[in-house]
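The structure under discussion appears below in the form of structure tokens.
Number of protein chains: 2
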Amino acid sequence: MHTAYAELTRHYLRLYRYDHLASIVGWDRNAMMPPKGNEARAAAEAELQALIHRGRTDPRLAELIAAAEAEPLDDVERANLREIRRNWQQANALPEALVEARSLAGARCEHAWRSQRPANDWQGFLENFREVVRLSREEARLLSGHTGLSPYDALMDRFEPGMRAAEIERIFGEVRSWLPGLIARVGEKQRAEPVIAPVGPFPVAAQRALSVAVMRMLGFDFDGGRLDESAHPFSGGVPEDVRLTTRYHEDDFTRALLGTIHETGHARYEQNLPRAWCGQPLGLARSYGIHESQSLSFEMQLARSRGFVGLLAPLLREHFGDQPAFDADNLYRLFTRVKPGYIRIAADEVTYPAHVILRFEIERALIEGEIEAEDIPALWDEKMQALLGLDTRGNYADGCLQDVHWTDGAFGYFPSYTLGAMYAAQWFATLRRVQPDVDGRIAQGDFAPVFGWLNDNIWSQASRWETPELVRRASGEALNPAHFRAHLEARYLGGD
Amino acid sequence: MHTAYAELTRHYLRLYRYDHLASIVGWDRNAMMPPKGNEARAAAEAELQALIHRGRTDPRLAELIAAAEAEPLDDVERANLREIRRNWQQANALPEALVEARSLAGARCEHAWRSQRPANDWQGFLENFREVVRLSREEARLLSGHTGLSPYDALMDRFEPGMRAAEIERIFGEVRSWLPGLIARVGEKQRAEPVIAPVGPFPVAAQRALSVAVMRMLGFDFDGGRLDESAHPFSGGVPEDVRLTTRYHEDDFTRALLGTIHETGHARYEQNLPRAWCGQPLGLARSYGIHESQSLSFEMQLARSRGFVGLLAPLLREHFGDQPAFDADNLYRLFTRVKPGYIRIAADEVTYPAHVILRFEIERALIEGEIEAEDIPALWDEKMQALLGLDTRGNYADGCLQDVHWTDGAFGYFPSYTLGAMYAAQWFATLRRVQPDVDGRIAQGDFAPVFGWLNDNIWSQASRWETPELVRRASGEALNPAHFRAHLEARYLGGD
Ligand SMILES: [Zn+2]
Ligand SMILES: [Zn+2]
């Protein structure tokens, strides 16, 4: 008899369906809705979120979960129950008043930040940000009490289940030791390799056709998803109906193209989650870091490889006409250019980890109470100097004011970006071990080995395992930054 | 103190927001969703409909409504309470088991009808249809018990609040007396007036641009709505965000063009419902017939008038290039061509009422138990003969099997089409009385008198009055088919 467990699955199936509605109307708001629809939509979405919140905090759930623990479940059901418990803990760990105060303080801080960043107004930002930090520390303290984790671990566990700051510190510490040297050597090597810049304009209709062609090549299922346009590109919808958006820039086709390839990686993960588990927490994608490992497997490992660039070159000629920049070797140099800069979202594959390591070190110390918000600019400058050799003194707009994440208290999220890049490198290292001819097959346009491996090891596993176990099962070892280093050295110092 | 009333308004505001979600995801399903999204979407929508049903049948509502009746409400609040009571009665009048049985029988009948109609299989259809009729009679009997109306009136009241079959019988009886003669005289007159047919193809992109231009001309607010494409055009969304769809036929631009104009009439009603009442039953459009009076005011009264056709002619040349058919006088003849035919949805403005009168007479007798389903084909033939001079014996596919409405028991709906046409004629008769130069202003592209009158008398009134009272206030008299007759005679026998 699985009475309690069966009732739980019915309850979470209902919540899954409510989430479906929320995803679709959210996509519509960003991709379709005309401006005057906004007020009524906001009210309708808030009503739905309140309904979902009531569902996740239903007082019967604690009992049902406890009763289900005692029922004779199989391994898969037990994994689902673990995910149900996680969902329940996250929804119930915090008192309503704190959730509201945090949401209010976050909204206020983010709203003001939109004008404070362009005005380079760190002092003004601090006034709101101190309250965000105070409430996030309170949140971390409460979550820590429930989970037994350290405060920062408790925040990070929302994004990367099972991953701990001590592990990240070990890994990022190692990267810190070789990254500045690598960046310097890559810079030296690339100075001798000029790149021809593509010459626009690149008409939107041609870019759209190119995006669709590349998405099809990468296996995106247009019978189970769409590509549309929005001011801020995102990947939305539901696993059964994935909605990607992009934004075309007529002067630069690479942004939409590489952005679409990135989102296609997210999309294929969603489209290939196991249908048998669909509707239960078990059936959802594992984590933010694992999700990013899929988008970066597509964008960094696959699409910027020399073999794939060789396939792209004729496609570009077909859609935009020929020009010297579309020579495959030149394109490859274009897609692998490295240049230290202030801005994380504009960073290349090699310098990107520096931006993340710096943020991780600062936000961890901030949440654990080792530093205060006031201390951030000095630390920022010191770390940018050490990691990228850049001076950021007084330039808050392109420094610690550049990201939206901290404004509304999303502490613990930044590591996922670089964890994703490292997981992706580890997947491809494993793939080359089990399938030594994979790069040759990619160059011939045969992605079956890549997609087959990702499907077997990541997509089909959904939330069956916590992150560290998923990584061990897929690659035979724990997260190992040596693969990421070897990938960067091979691509940026060797011949790829 | 309005305690109960205030609680009711909060409850119905929540339902309004759930309905918003249902409208948007329903629009998405028809206009955007890829095929593989269907199963998960159906489950999510069913979950939402179950939630809405629980809200409409909440056991506390009966008490709250009774308590609110005793509170000191103003006239507008009292009108809202009347609409709340209607909504409540409709949701609670029928036992769950009957609703389910009807929905099941309707779905079965409609599903089989999709292949029975092309096979001309009336006997096969009858087998399922008898059960639909039995359950609809049971439904009518129960609704009749709750409302004190006759069984057919009780069904019709769902679509046209306050309208009674006796009134419709009086009106349709009158139309019956002059319509066949009018059709004959129009046919004779038009035989002497040849029409040049437009020559396609008309590219979809040009048709789309034309539709948008005409919608803008007709005041559709694209900041509060969209135009998209779908296989079966419809008008969806919510008043704050109206979603129209259309379908382009490359060989015939008139279908999408006139269809879009029709839907724009529905849309402007929705877009101009009073924002102050938005979220309450009071703030919704009055009825199906009044809604159709807006689409037909746009499509029939306005767009097929000689003055408006004169404005369309240069737009057609601009979008499709010039051709002899685009001469304004020829276009006007094209848009006002009359020809008796078997099919209701293909019928022109003059013969359309015959199709509706026939269906009304049959469905009323069927619901009141005066005839049985078996009797329909003979009655159909007799009435088609009398009204349009057409022989339909043995041709069920183009006769009594042509509509989807009866298959799922939507008895009482058909009158709304012709009521809409009559209301529209009555609006324009009133408009010409208060604004004698209205036709001249239309010919100059100045629609302010038309839209101003519709806004003051219909759009801004929402569900403030029941239908007969709305008609009296707008036009100074009850529904009067003389205006419809005068309109048809002026346009089709005189010079318009
Ligand atoms: Zn991503
Ligand atoms: Zn209509």
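Heads up: the protein sequence lines correspond to chains A and B, in order. All residue numbers in the first sequence are consecutive under my numbering, ending with 876. All residue numbers in the second sequence are consecutive under my numbering, ending with 876. Think of the CB as a built atom: it goes at the ideal place given N, C-alpha and C, for glycine as much as any other residue.
- When C-alpha distances from Tyr385 (chain A) are compared across A:Lys416, A:Arg623, A:Glu857 and A:Leu441, the shortest belongs to A:Leu441.
- Against chain B, the CB of Val592 (chain A) has no partner CB under 8 Å away; the residue lies outside that interface.
- Chain-order list of chain B residues neighbouring Lys569 (chain A): empty, with the shortest C-beta distance near 45 Å, by a criterion of under 7 Å.
- Under a 10 Å Cβ-count criterion, Glu620 (chain B) is classified as buried, with 16 or more other Cβ atoms of the shown protein chains found around its own Cβ.
- Listed along chain A are Glu620, each with a C-beta nearer than 8 Å to that of Glu419 (chain B).
- Linking Ala862 (chain A) to Ser796 (chain A) through their CA atoms gives a straight-line distance of about 18 Å.
- Burial of Ala420 (chain A) is indicated by the presence of at least 16 other C-beta atoms within 10 angstroms of its C-beta.
- The three-state secondary structure of His612 (chain A), taken from DSSP, is coil.
- Within the same chain, and ignoring the five residues on either side of Ile723 (chain B) in sequence, the residues whose Cβ sits closer than 7 Å to its Cβ are Asp778 and Gln782.
- Put simply, of B:Phe509, B:Gln660 and B:Trp839 the residue whose alpha carbon is nearest the alpha carbon of Ser483 (chain B) is B:Phe509.
- Here Arg717 (chain A) has Gln570, Val575 and Asp728 as same chain residues with Cβ atoms under 8 Å from its own Cβ, once five neighbours each way along the sequence are excluded.
- Boundaries of the alpha helix (DSSP H) harbouring Leu535 (chain B): Pro531 to Met536, taken from the DSSP string.
- For Leu607 (chain A), DSSP records a beta bridge to A:Leu624.
- Using beta-carbon distances, Leu653 (chain A) does not count as an interface residue toward chain B, since no partner is under 8 Å.
- The C-beta distance from Gly616 (chain A) to Gln651 (chain A) rounds to 13 Å, too long to meet the 8 Å contact threshold.
- Comparing alpha carbon positions, the residue from B:Trp558, B:His391 and B:Pro475 closest to Glu519 (chain B) is B:Pro475.
- In this structure, the beta-carbon distance from Gly800 (chain A) to Leu664 (chain A) does not fall below 8 Å.
- Taking 8 Å as the cut-off, the Cβ atoms of Glu490 (chain A) and Val814 (chain A) do not count as close.
- Counting the other CB atoms within 10 Å of its CB gives His433 (chain B) a total below 16, which places it among the exposed residues.
- Collapsing the DSSP output to three states places Asp836 (chain A) in a helix.
- Taking the Cα positions, Gln681 (chain A) is about 56 Å away from Gln496 (chain B).
- Against chain A, the CB of Gly604 (chain B) has a partner CB under 8 Å away; the residue lies at that interface.
- Straight-line measurement puts the Cα of Ala402 (chain A) at about 44 Å from the Cα of Ser557 (chain A).
- Residue environment: Arg627 (chain B) is assigned as exposed (fewer than 16 neighbouring CB atoms within 10 Å of its CB, all protein chains considered).
- Relative to the non-hydrogen atoms of ligand 1, the Cβ of Glu672 (chain A) comes within a distance shorter than 7 Å of at least one.
- With a cutoff of 8 Å on beta-carbon distance, Ala473 (chain B) and Leu523 (chain B) are scored as near each other.
- Judged by DSSP in its simplified three-state form, Val592 (chain B) adopts helix.
- Beta-carbon to beta-carbon, Thr772 (chain B) and Ile563 (chain B) are separated by about 16 Å, too far to satisfy the 8 Å threshold.
- Contact with chain A is found for Lys416 (chain B), since one of that chain's Cβ atoms lies less than 8 Å from the residue's Cβ.
- A check of alpha carbon separations from Trp468 (chain B) across B:Glu507, B:Pro498, B:Pro414 and B:Thr527 identifies B:Thr527 as the nearest.
- Around Val405 (chain B), the beta-carbon contacts reaching into chain A at under 7 Å are Leu401, Ile404 and Val405.
- Shown here for Glu554 (chain A): same chain residues with a beta carbon closer than 8 Å to its own, the five before and five after excluded, namely Pro861 in chain order.
- Annotation: Lys719 (chain A) is outside any alpha helix (DSSP H) and is labelled neither H nor E by DSSP.
- Judged by the Cβ position, Ser675 (chain A) qualifies as a neighbour of ligand 1 at the 7 Å threshold, a heavy atom of the ligand being closer than this.
- In this structure His629 (chain A) is in contact with Arg635 (chain A), their Cβ atoms being roughly 5 Å apart against a cut-off of 8 Å.
- Classified as buried, Pro720 (chain A) has 16 or more neighbouring CB atoms from the shown chains inside 10 Å of its CB.
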